[in-house]
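A short write-up of the structure that comes next.
In the working numbering, the protein residues as written are 42 to 242.
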């Protein structure tokens, strides 16, 4: 009953006023962001991988910038379904697939906050080098903090979805799939049914 792939009814809004010219403009803007963002981040990653001094702290910061390149590139790639939706009058082929909608919603909930977190890590690391200029930054601490962060964010999204406390739906107003909380009455009803099923076993 509480399965990860059990999706609720889509809450697609059909009564909104859609401007075709506006959608084409936004779709074209997103396409430009996709092209320049993806290309720029890939080139930046390649450049950071191939050039520059090999000092410890320099390598530390280069690793942070590489992670920023990877995450920002994935964010730009995530715009593709939205571009398709805007250019097709918000009638998305990709977002209509339930599995893809769930995957995209989870990824979109994870990537932008991760980009902000890495910028925060970068700021703290810079402050450390200013206050203690001779101190070597710890790669292990960076890996541990990133792992803990990603796991905590992923669990907070995945557990409610797996337990039926949230679901994904394509929203025409936002032109995106999003995680939505289940109504409180639905949660209580599902919980009661679950308890009854357990008692009957």
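Glycine included, each C-beta is placed from N, C-alpha and C at the ideal position.
Task: Sequence-distant residues of its chain with Cβ nearer than 6 Å to residue 126 (five each side left out) - done: 133, 216
Open item on the list: At the level of alpha carbons, what is the spacing between residue 122 and residue 179?
Closed with: 39 Å
TODO: Could you work out which residue in 167, 173, 120, 138 is closest to residue 149 when comparing CA atoms only?
DONE: Considering only alpha carbons, the answer is 120.
Task: Minimum length 4: unbroken alpha helix (DSSP H) runs contained in the region 114-154 - done: With a minimum length of 4 residues, the continuous alpha helix (DSSP H) runs that stay inside the region 114-154 are 120-128.
Task: Span separating the alpha-carbon of residue 107 from that of residue 162 - done: 13 Å
TODO: Check whether the region 102-118 touches the region 75-89, counting contact only when three or more Cβ pairs, one atom from each stretch, lie closer than 8 Å.
DONE: Segments in contact, yes.
Task: Candidates 197, 177, 158, 85, of which the one nearest residue 186 by Cα - done: 158
Task: Close Cβ partners of residue 131 (< 7 Å) along its chain, the five nearest in sequence each way excluded - done: 59, 64, 213, 216
Open item on the list: Whole angstroms are fine: how far does the CA of residue 165 sit from the CA of residue 143?
Closed with: Rounded to the nearest whole angstrom, the CA to CA distance from residue 143 to residue 165 is 34 Å.
Task: Run of the alpha helix (DSSP H) containing residue 70, from where it starts to where it stops - done: 61-91
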